[in-house]
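Comments concern the structure below.
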Amino acid sequence: MSGGERHAVRVCAAEDLIDGGQGVRRTARYIDGDAVVFFVRYDGRVYGYLNRCAHVPMELDWVEGQFFESSGLYLMCATHGAIYAPDTGRCVGGPCRGARLRPVEVEERDTPEGRAVFWLPDGELQPAPTDGA
15 MSGGERHAVR VCAAEDLIDG GQGVRRTARY IDGDAVVFFV RYDGRVYGYL
65 NRCAHVPMEL DWVEGQFFES SGLYLMCATH GAIYAPDTGR CVGGPCRGAR
115 LRPVEVEERD TPEGRAVFWL PDGELQPAPT DGA
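With my numbering, letter number 129 in the sequence shown gets 143, and the count goes up by one each step, no holes.
The structure is reproduced here in structure tokens:
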């Protein structure tokens, strides 16, 4: 986004995201309408993606917020079984091998309330009006 700083959207407290654990979902607006973005922690870092499988545009989580497969090492599409590397979003197994999840820019910051995770929306992907934006 050019011409100024983007508005950061607080997602959650940093400690809410555990390596290989439950993710946090947020409603969004994408180019083609309503969408969901998600945030997970892997290897100590937070990553965010559009919640849309690269194979067929279905949400990945099999239960709301469950994006990792049982080992906690890969993100998995519950519908198609596609396996994604959490740090790159690249499909490493399944029907869309080599394709990638659409990344969402995310950062951790210190706030007066403690460390928190923030989403930095871009021109194509914005928070839904009901998510405080």
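Even for Gly, the Cβ is constructed at its ideal location relative to N, Cα and C.
Which residues share a DSSP beta bridge with E122?
-> Working through the sequence shown from its first residue, we reach residue 122 at position 108. Per the DSSP secondary-structure output, E122 pairs in a beta bridge with V131.
Can you list, in chain order, the residues of its chain whose CB lies under 7 Å from that of E78, leaving out five sequence neighbours each side?
-> Here residue 78 corresponds to residue number 64 of the sequence shown, with the count starting at 1. Here the set comprises R39.
For L165, the residue or residues it bridges with in DSSP = This structure cannot speak to residue 165, because the chain is shown only from 15 to 147.
When the Cα of V50 is compared with those of A42, L74 and Y56, which residue comes out closest?
-> One-based indexing of the sequence shown puts residue 50 at position 36. The shortest Cα separation from V50 among A42, L74 and Y56 belongs to A42.
How would you label R66, buried or exposed, when you count the other beta carbons within 10 angstroms and need 16 or more for buried?
-> By 1-based counting over the sequence shown, the position of residue 66 is 52. Per the 10 Å Cβ criterion, buried.
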